[in-house]
Every structure is written in structure tokens, then in C-alpha cells.
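Report on one structure; see the data block that follows.
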């Protein structure tokens, strides 16, 4: 059997960080990975690309939404024929996994080797969870259907915020263990070996084409002015759930990661073909206005906007 582990969590909580650590911890095992992103291009796939790992990337929607669910099912069926013992799935940030077990049952007649669904690990951003929880039903479902919860980035919050977050999480799911972390630092093998799917009734996923977030891709073939790009993205972060991507600047290639007014820019050594930056937001008109107004001055005519 192939042990299947799902990783959930809102945009920017640390799913890719955890996945990279798990790939390192289980490097002596035969591993498959599915990376799911809302945008049309894959950024996380580039971050976790690793020799010897069989990876499938599913973009432009949630794997639990009808928009790409069939692709997800076909990928699971195909991967069951590969020589792997573990399959890690990094779901998109607004994924609602309430019907994951149902999906495994549905494909079981077609799989070459059966899947052993061990459950999901939900990563919670201690700084943003309480802000977004009431607005986004998927965050409730991610916690409710998890077998373990990592409360990450606790170094960024005060004790009262952490306490309130823990109280809310316990009210949603009192049966799964909660780990307090920074950079998703836990005993990784123990986390996976003790993981159990919660005993609760399945529901239909709330992910639909109608409620999917607005996603933009900013692309450029030219080298960009780094400081002007940084100022532009800092202004955008106020209206965006998530900003991530790679950019070619006059000082070299950079990796961009932003969530809730935190924008991190770091050098990236590996080659990239061109600048591609994904912007994810629920406020389409506002973010479009911010993008249009920001693409002036030094950046005018350099970045193309795509949906």
C-alpha cells in the first residue's frame, strides 16, 4: 500500500516549508508528491523539486473543486502505478478537504496499488488565522478534518493571540494533537507515523468554481528594477492574500514570498526563464486597481498582467 498524507493550510502558512522538511526526513523512502496551486503557474513545485522524487503539479484551482478535480483523480490513479511508498499532497491554500476519504474510495477500483490514507496535517498561521477564519469556511474545514495541527509562526504573535487561536482550534477539533512551531519544526517522522484521520462524517467540499479566489499572474521577459518592484509589491500586499514568485532584477534573480503585509525577498541561485509573480486575492476590483496604479513610473510597460 502507498501511505498518503495530505498537507493543508491557508496561503502562506508554511505548507511548502513542511513539505521540504518531510522530503528530507523521508529521503531514503520512495516518494511521490502532488503540488496543487490556485494560480496558472507553479511556484511551490520549483521550491520543492528534488532528485528522485516523482512530482505532479496541478494548477489553476483546488483539487477538491470540479474545475480540476478530474485531473486530481487521474493523477492519483496514475501515481498508484509508480514505485513509491509515500505520497505527500500539498493542497492549495483555500482547499476544503472534507471529502478526501470519499475520493480515495472512489478511485480504489482503478488504482494499481491501494492507498492508505493516513490523514491530513493542517498548518495554521498563528498571526492570520483569527483574522481570516470567519471569512473563509475552508479554514474551518482544514482544521476539522485534520489528524494533526501545526500552529506555526508563533514567534510573530503575543501570548494572548496564541491562546485565543488555540482555544478556537480546540473548539473545532478537540481530538487531534496540536503542535506549537516556528518554521514547522517538529519531529517529522513521529508526526507522520502517529497521524490518524479524524472519525467524523464526510461532507461535500465547499470548493466551487463560483467561490474560488481571484488570481493574477504578473510576468516579464525583461530585467526589472529591484527597488521599484519591491515598493510595488509592498503596496499590493495590503489587498492580497498571497504574493509569491520569481523575478529577474538588475541585481540578480530573487524569490518573493508575501502574506498579510509581510513581504520577504531573497536571492535565488537556480535559473528561471522569466519573471512570474502570482497574486491571490478575494477582492478582485480592488487588487486590479492597485496593480494598474502601481504599474507606473519605472515599471510602466515592463510587467504583463494575466488571469
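Residue numbers (the numbering used here): 45 to 351.
Even for Gly, the Cβ is constructed at its ideal location relative to N, Cα and C.
Each residue's CA atom was taken as its position, placing residue 139 and residue 245 some 18 angstroms apart. Residue 265: not part of any beta strand (DSSP E); DSSP gives it neither H nor E. Within a 10 Å sphere around the beta-carbon of residue 45 sit fewer than 16 other beta-carbons, which makes this residue exposed. Contact check for residue 189 against residue 164 passes: the beta carbons are separated by less than 8 angstroms. Scanning the segment 80 to 151 from its first residue to its last, the whole beta strand (DSSP E) runs of 3-plus residues come out as 98 to 102, 130 to 134. When the beta-carbon positions are compared, residue 251 and residue 108 come within less than 8 angstroms of each other.
As the crow flies, the alpha-carbon of residue 237 is around 29 angstroms from that of residue 115. Residue 120 and residue 323 have their C-alpha atoms spaced approximately 28 angstroms apart. In the displayed model, residue 237 falls within a helix according to three-state DSSP. Residue 260 sits in a strand when the DSSP states are folded into three classes. In the displayed model, residue 69 falls within a helix according to three-state DSSP.
When 231, 193, 279 are compared, the shortest CA-CA separation from residue 216 is found for 193. In the DSSP assignment, residue 204 falls within the alpha helix (DSSP H) that extends over 203 to 216. Setting aside the 5 residues that flank it on each side, residue 142 is surrounded in the same chain by 185, 189, 247, 249, each with a C-beta closer than 6 angstroms to its C-beta; the list follows chain order. With a threshold of 16 other beta carbon atoms within 10 Å, residue 106 meets it and is buried.
If you check the CB distance, residue 191 and residue 241 come in under 8 angstroms. DSSP places residue 181 in no beta strand (DSSP E) but in the uninterrupted alpha helix (DSSP H) bounded by 181 to 188. Around the beta carbon of residue 147, 16 or more other beta carbons lie within 10 angstroms, which makes this residue buried. Excluding sequence positions up to five before and after residue 206, its CB lies within less than 8 angstroms of the CB of 170, 195, 198, 224, all in the same chain and listed in chain order.
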